[in-house]
Structures are given as structure tokens and as C-alpha cells.
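Protein chains: 2
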Amino acid sequence: MNIAAAQSGGPTCAINASLVGVFSEALKTPQIDAVFGSINGIEGIINDDLVDLKRMIRTNEDMELLKQTPSTILGSCRYKLPDIETDGAEELYQKIIACLDRHRIEAFFYIGGNDSMDTVEKLSEYALNIGSRIRFVGIPKTIDNDLPVTDHTPGFGSAAKYVNVTVQEIIRDSSVYSIDSVTIIEIMGRHAGWLAASTCVLRTNDETAPHLIYLPESDFDADRFLEDVRAERAKHKAVIAVVSEGIELEAGGMRSGMVDNFGHKYLSGVGNVLENLVREEIGCKVRSIELNVMQRCSSHICSAVDISEAERIGAAAVRAAMEGKTGVTMVFRRLSDKPYVVTIEPADTSLLANKEKLFPKEWITASKNQVSDEAVKYFLPLIMGEVNIAMKNGLPLHFKIR
Amino acid sequence: MNIAAAQSGGPTCAINASLVGVFSEALKTPQIDAVFGSINGIEGIINDDLVDLKRMIRTNEDMELLKQTPSTILGSCRYKLPDIETDGAEELYQKIIACLDRHRIEAFFYIGGNDSMDTVEKLSEYALNIGSRIRFVGIPKTIDNDLPVTDHTPGFGSAAKYVNVTVQEIIRDSSVYSIDSVTIIEIMGRHAGWLAASTCVLRTNDETAPHLIYLPESDFDADRFLEDVRAERAKHKAVIAVVSEGIELEAGGMRSGMVDNFGHKYLSGVGNVLENLVREEIGCKVRSIELNVMQRCSSHICSAVDISEAERIGAAAVRAAMEGKTGVTMVFRRLSDKPYVVTIEPADTSLLANKEKLFPKEWITASKNQVSDEAVKYFLPLIMGEVNIAMKNGLPLHFKIR
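Right, here's the structure in full:
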């Protein structure tokens, strides 16, 4: 039998490590012959655009390089498979199954977020209904950490490590001048505040900053924000506020958006909007910093725990498929924070597909501008350890298709 | 005799290493007793705000931590010493000399950029004129690399390494989707394009991007920029353009600035402005990324060559002062690119003070959107090597005053 893997959704530092996990476990499994990679997620199956991974990943060194290469070596997509009831959808499903059959692919592994798990669920159900033996297994990944059931998602730990390392450096940077200042740091996460909240781990290294943390889960209010900043300015020369990109400014009494040179509305980030608010209402020195895509691709400072777990969960997915499991997504279950122990288990994909896990309200302080020490215990193990990155000419070596 | 050191201007990753260089060389010099740190640059001397560095830096481990801590442990300032002819200036100069005399400080080391070298020049001249034996020695630092005489400036190599590592990761990030895109990366450097130009070293690791590099030295033109982008889009799915923050948009036919929620003009970065231009005129998927202060404070990926040189140039400054030199700034002279060999020499501070060294026009290609391989030879040695960073709880340990 052959197998295939695909990668989908936004890039992370760990998504290639999960592919390595699938690939290396397949090499160890005598029943598996070819391992195909599907180019640009499920689109590669629809368009019959597959590569032979054994020709692409040739040596152990290739595997090591791939694990330290951010983003997705097989490309990605933002493709939502239509419901089987939709007009013309059944032909699409048939086309997918036909492509897999043609290449004798009996197990398909989809590394991705919410949308990819939706695809896994739909295809596994369809395959069961038509009596196909093809198995579909999901492997989670997202820096947003917003998937339910699993303790956390591969890719999140590396993003959180980058964010914390960088916020710590910005704390140093903001402390140099004798003049008082406010620094607003905007962090990714869509509707979920996990990544912004993770900056609470800086406490463990005796940092008092960030002084304020605003999450989408904590109901933003512009007036309260200004009060908070004024109160922190009374205590600290250089106030650091972390804001999640998903906070709802309009519900909190603000307008977002600016008008550019051409008179068109320009959707600026929340950090920018809050920077202007502080300048206007408080009038002190203020700057906003967006950590941007560096949060999802800075593999040079990835978390060793994250990369190792991403590889292990990929390998576990292959074992689950070999046991006949389909319509499942592999998840982490945490047994203990200290020592940190997780197991990997299959879960029914319907429990994850199209569902979001938000940051727990009980970990947000009553002031709605900080998170509790319970959150520190959760986050800390995920950012531990460094990967020994292979370098050339002063720069990390990335895996490239030859 | 005692000595004092101060740090000034914008933070870098190497400015604390130069302080360690001064401190550790002083420990080895039997004639030197106390080593003072002046808080917030020359302001610390004016306000008699000094710390005893031997009480602050107590162990070898402290020195190692300080070398991996970004920004300035002694704080900084943006203070321009008035000319001696200015009304009331002589009193200020007298106050400075009186403070130094009171603490038996016979040598003052100023780690900084253009403005700090101006201070070194003025104070050394004044001291000579009044027959004071106090020596003033400049130690260069700036991520902008825009100081003349010296081959390069401490702090630049680490900034260039961060920028190159990050641009390489953004190249991976931008390549995932099947849809064509343009990514514009805005890089610091004020009026000088050195840091943006340094991304040419990615060639040595077989990267074809950045496809376009725009420097303040290459006369920006909006129409030519759009032509360039269109031409690269015909060749590459994901076009990467690097722009120096100092390019002159208005001279090139553009307006910068946006109007915010309050109707006030908001000075947006050049990356943002060019992003909107591409969206408006070409209509493709486009994003802009500002690397922001991370360029000057990301010590977790600093250049080992830079940190080591920063320490050595600090130590050399102490030796120069002990030889009686004053009104000098220590500079690097490069003897060879490969093997990379530099010497450290004193140069007359008047040759550096208030002067700017721009990126050489002869290294800009005729198309004005790229730099030549000569530049690669210049930049490459400066980003070499990694510092083994001490970590705690998954994060770099920073030196903190106890």
C-alpha cells in the first residue's frame, strides 16, 4: 500500500516536522511502499499533483533540515471542501477517491487546522459510505492553539517561544531612555488569545512586564484600557501592553481603519489604533509593534518540545491508520505539568472540525487586563528547549527541493 | 585613577559588550581603580548620576550575561552638547569637568553614534584648552553602519544577521500558497541603506530573493518601482522586495502619511505606503512587514563576530586612553575579506563626528533595484558565528541590576 500526506492553512515552524514524522514512520512500516506528498493541500489530490517523498527527502540530513525549515514544503491551501449534498460536490469527492485509488493510496494524512479537520471528517465519512478502505487521519497544527480536545497544537509552542523571546528583548529596548513611554505589542491568534496570553511566562524570568495583556476573551473597552495605561504609567517608566489581534475594538467603543493616500479605508492593526488612542488621549511617547508573520515562521528560535512533539504526532498518525483508524485526529493529552508528560491519542475528528477552543475565562484576572499563574503552568513546558540549528554562511540552512 | 563609561543613542545588541570590553580591560589595568557607569549617557555626568560598575558587574557570569543582553544597561540619551560658544555652555562644560574631577575620573569612554562622537570631540578639545588631563575616547556603535573612517560599526553585524535570518524565513512563509503575491519588507537604517542592502548575502545560501532592494542611495521612483514589481511578477510567484526606511517617497512621486481615526495625519512607514501603491496599481495580493525594533534588540540571534569585536573595541579604547590618547574614536580597519581580518585603531574623532557614511553608489546596480556581489563580500564576514546564549525557562537570560 501507499500513503499520502498534505499540509494546509497558515504556515508554522512545526508543520514540516509533522511531515517528517509521517515520512519516517512510513519508512519503518514494512506494509507501506510509496509516500506521496500532495502539493498545496487537498488541491494536490484534486489536481493529481503529487510528489514522491522518497525522491524528495533522501537522507537523514534532509530530514533534519526539513525539521528546521519553517512554512510548508508541500505548499498550502485555504480550501473548504463543499458538503456532499452541494450541487456537483459528489463528483469532486469521486475525483479525490479516484486519484487516491489510482496511486494505490490507502491512507491520507492531513496536517492542518479547523478547515483541514473538516476535510478529514467529510472524506472519511464519504469513504466509509461508499465502502472504500481509504483511511483519513488529521494531524493538528496552528500557532493559534484554538483546536478543542487536544491539550495544545503543534506549532503553538514555537510561536509562543518566539513571542516571549522577542517581547523580553522589546522590554529591554523600551527601558533605555529617561523619558516615559508606552509600548503596545500586537500578537497573532485570530479569535483566540492563547499566543498573547503566553507572554505571562516572562514572570518566571523575573520580568514585571508585560504590565497589561488584552485578549479577545476579555471584552475590550477603550475607556478601561486608557484607565489601565494611566494606572501603569504611575508605576512604571516604560509601560508594555500586549494586545491580541482579535480584540474587538468596535464593541469596545473604537473605530478601526484609516484612510490611505488614495482616500480608501485601510484596515490597520489593533496595535496601531491603540497607539493613536494613547497619543491622542494621554499624549505621552507611544509606539506600537506588530510581530507579524515572524510569529509563525521564526524557526531559528523554535521550541525543541514543539518540534519533537510535532514529529511524534505525525508518526502516531501513521500507526493509528495502520491500526485501521479513520475519521480521527491525533491529539495531545497532558498528564502532568511538572514533570511535563503528554500522551498522543486519536480523537473523533467531528469533535475538532470547525470548532474553536478559546482561552479559558477563569484564567483571566478580574481586572480583564492580565492572566493568572495557572496559565503560566500551562504555557511554560511548551516553550522549553532549543533545537541545534544547522547554519551556513551565518544563516540557518533550509531544506530545499532539489 | 578612575574611569567612566556611558552609552548613548539607539539600542543595539552589542553596546553592552563594548561596556564589558571597557570594564574587563580596566580590571586588568593596575593604574585604574574605580570604573563608573554614567546613567543615561552624558546626562549622568551632568547630573552626577553615576554607578560603581564593580558593584554592578560582580562575576564572570555577570559579564557573559551582559554580553548577551540587548539595549543599554546604563540607559541612553539623545543629548546634543551645545557648542562652547553658546550662551551658558561653558558653565555646562565646567560642570562636566567638575563632576569628573570630583570622582577622580581621568578617562571617559562614550559608546555611541554620530552625536556621541560630537560630544567626545567637544569635551576633549575643551579639556585640552583648560589644561585638564582627562581623556575622552569614543567607541562607535550603530545598527545603521553609517559612521565614516571605520570599516563597520559594532551592532551592525547582529542587526544584519537578524534581518537576514528573518527575511529568509519570510521567503519560506511567502511561498506557501498557489496564489501570486508581493511581500514588501521595510528595514531600518535612517538615511543609509546598509542594513537593507545586507540582504544580498542571502544569495550565498542559494536564495533568489530578495528580488528587489531599494536604498536611500538609489533615488527612488514610484513608476520605476511599479515596473520593477511587474517584471519580477512575470518571473516569480512570490516577489520579495526589501525597502530601506530612508527611501525618499516624495522625491519619487509619492505622498507618505495617512489620516487616522481622528483625522490627523499619521506618518506610516514606507512599506505600508508601497503596499497600498501595489494594491492600487497592480491589484495583486500584497503585504508589507516592518521588522521594527527587533532589528536592534534581537540578541538571541546576534552575530558572534559582532559581539566579540564590540568587546575588543571597548578594551582597545581603554588601552588608547592609557597611552594618553584623547579626542579619538576607535575604528575597525579591514585588512582582508577572506580570511576576514580587522585591526582596531584610534582615529581623530573630528573625522567621524556629525558625519555620515552612505552605502557606496558603485555597489548599486544600474537598474537601481539591486546591489552587486562586491557588497556580499563586504557583509558576509560581519554576520558570521552564533553566541551560545544562556537560557532559563526556555528564554534567554538577561543581565539585570541587582
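Residue numbers (my numbering), protein chains in the order written: chain A, 645 to 1046; chain B, 645 to 1046.
We put the beta carbon where it would ideally sit given N, CA and C, even for glycine.
Since we're looking at a predicted model, the values are computed, not measured.
Could you confirm whether any beta carbon from chain A is found closer than 8 Å to the beta carbon of residue i?
i: Met1035/B; result: yes
i: Asp867/B; result: no
i: Lys1094/B; result: Past the edges of chain B, shown from 645 to 1046, lies residue 1094/B, and the structure says nothing about it.
i: Met938/B; result: yes
i: Val978/B; result: In the sequence under discussion, the amino acid at residue 978/B is Arg, which differs from the Val named in the question. No, its Cβ sits nowhere closer than 8 Å to a Cβ of chain A.
i: Gly614/B; result: With chain B running from 645 to 1046 in the structure shown, residue 614/B is simply not present.
i: Met1028/B; result: yes
i: Glu813/B; result: yes
i: Ser720/B; result: yes
i: Lys805/B; result: yes
i: Leu1039/B; result: yes
i: Asp904/B; result: With a pLDDT of 48 at Asp904/B, under the threshold of 50, the predicted position of this residue should be treated as unreliable, and no value is reported.
i: Lys909/B; result: Bear in mind that the predicted position of Lys909/B carries a pLDDT of just 49, short of 50, making it too unreliable to give a figure here.
Confirm, please, whether the CB-CB distance from residue j to residue i is below 8 Å.
i: Leu935/A; j: Ile1008/A; result: no
i: Ala964/B; j: Pro1004/B; result: no
i: Leu893/B; j: Val930/B; result: no
i: Phe752/B; j: Ala648/B; result: yes
i: Asp759/A; j: Gly654/A; result: no
i: Leu694/A; j: Ile701/A; result: no
i: Leu1002/B; j: Glu861/B; result: yes
i: Gly971/B; j: Glu765/B; result: yes
i: Pro792/B; j: Leu1041/B; result: no
i: Ser822/A; j: Cys721/B; result: yes
i: Ile831/A; j: Val807/A; result: yes
Using a Cβ cut-off of 8 Å (strictly closer), state whether residue i contacts chain B.
i: Asp706/A; result: no
i: Val986/A; result: no
i: Thr843/A; result: no
i: Val809/A; result: yes
i: Thr848/A; result: yes
i: His880/A; result: no
i: Ile945/A; result: yes
Would you list the one or two residues that DSSP bridges to residue i?
i: Met938/B; result: Bridge partners of Met938/B: none, in fact.
i: Gly782/A; result: Tyr754/A and Thr973/A
i: Pro1040/A; result: Met1035/A
i: Ala895/A; result: Its beta-bridge partners do not exist; DSSP assigns none.
i: Phe680/A; result: Ala648/A and Asp696/A
i: Asp992/B; result: Val972/B
i: Val887/B; result: Glu830/B and Tyr858/B
i: Ser802/B; result: BP columns for Ser802/B are empty, so no partner.
i: Asp863/B; result: DSSP, once it has assigned bridges, lists no residue as partnering Asp863/B.
i: Tyr984/A; result: Asp981/A
Since residue i meets chain A, which of its residues come closer than 7 Å, beta carbon to beta carbon?
i: Leu710/B; result: The premise fails here: Leu710/B is roughly 12 Å from chain A at the closest Cβ pair, so nothing lies under 7 Å.
i: Ile933/B; result: Asn936 and Val937
Measure how close the beta-carbons of residue i and residue j come, nearest whole angstrom, since I'm counting them as under 8 Å.
i: Gly1038/A; j: Gly1029/B; result: 7 Å
i: Ile728/B; j: Tyr770/B; result: 6 Å
i: Met645/B; j: Ile676/B; result: 6 Å
i: Thr973/B; j: Gly782/B; result: 3 Å
i: Asp865/B; j: Gly896/B; result: 5 Å
i: Gly665/B; j: Ala959/B; result: 4 Å
i: Ser842/B; j: Phe1023/B; result: 5 Å
i: Val883/B; j: Glu876/B; result: 5 Å
i: Ile814/B; j: Val962/A; result: Rounded, the Cβ-Cβ distance is 32 Å, inconsistent with contact.
i: Val1031/A; j: Cys941/A; result: Rounded, the Cβ-Cβ distance is 15 Å, inconsistent with contact.
i: Ile926/B; j: Arg874/B; result: 7 Å
At 8 Å on the CB atoms, spell out the chain B contacts of residue i, in chain order.
i: Asp817/A; result: Pro655, Pro714, Ser715, Val937, Arg940 and Cys941
Could you work out which residues of chain B lie near residue i, taking near to mean beta carbons separated by less than 9 Å?
i: Asn684/A; result: Val820, Tyr821 and Ser822
i: Glu687/A; result: Ser822
Cβ closer than 7 Å: which chain B residues qualify as neighbours of residue i?
i: His747/A; result: Residues of chain B passing the Cβ test: none, with the nearest at roughly 21 Å.
Would you say residue i touches the ligand SAM, meaning its beta carbon is less than 7 Å from a heavy atom?
i: Ile787/A; result: As for the ligand SAM, it is missing from this structure, which has no ligand bound.
Please list the partners that residue i has in chain A, where partner means a Cβ-to-Cβ separation under 9 Å.
i: Leu1024/B; result: Asn1037 and Gly1038
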